[in-house]
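Per our numbering, the sequence shown runs over residues 10 to 73.
Even glycine gets a Cβ: it sits at the ideal position worked out from N, Cα and C.
Beneath this line is the structure, given in structure tokens, with notes to follow.
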Amino acid sequence: DLRAVIAGGAGDLDAVTERCGAAGRCGGCVPAVEDLLAEAELATRDVDALLARQAVRRQLVSAA
Numbered sequence: 010d011l012r013a014v015i016a017g018g019a020g021d022l023d024a025v026t027e028r029c030g031a032a033g034r035c036g037g038c039v040p041a042v043e044d045l046l047a048e049a050e051l052a053t054r055d056v057d058a059l060l061a062r063q064a065v066r067r068q069l070v071s072a073a
């Protein structure tokens, strides 16, 4: 559920808490939520890097 909330646009702890209540009471799940947020950020960076590499390859192929 938390991954779905994060994938749906909750990009920080406050947004996750607002959307689903996680990390809003005792704080026991804060480390887990922060780990999931970091995981999502890394995944996004990896996708951005992949798309950038593909764009460079397309330019090289068109220039050849």
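Would you kindly work out how many angstroms separate the C-alpha atoms of residue i and residue j, rounded to a whole number?
{"i": "Ala16", "j": "Ala41", "result": "15 angstroms"}
{"i": "Leu46", "j": "Thr53", "result": "11 angstroms"}
{"i": "Leu51", "j": "Ser71", "result": "30 angstroms"}
{"i": "Arg67", "j": "Thr26", "result": "41 angstroms"}
{"i": "Asp44", "j": "Ala73", "result": "44 angstroms"}
Hey, quick one: how far does the alpha helix (DSSP H) through residue i stretch, first residue to last?
{"i": "Cys29", "result": "Leu22 to Cys29"}
{"i": "Arg57", "result": "According to the sequence shown, residue 57 is Asp rather than Arg. Taken as a continuous stretch (DSSP letters only), the alpha helix (DSSP H) holding Asp57 covers Val39 to Ala72."}
Under 6 angstroms from any heavy atom of the ligand MG, does the C-beta of residue i make it?
{"i": "Val56", "result": "With respect to the ligand MG, the structure shown offers nothing to examine, as it has no ligands at all."}
For residue i, which option in the options has the closest C-alpha, if you only look at C-alpha atoms?
{"i": "Arg28", "options": "Val56, Glu48 and Val14", "result": "Val14"}
{"i": "Gly20", "options": "Gly37, Gln63, Ala49 and Asp57", "result": "Ala49"}
Answer with buried or exposed for residue i, where buried requires no fewer than 16 other C-beta atoms within 10 angstroms of its C-beta.
{"i": "Leu11", "result": "buried"}
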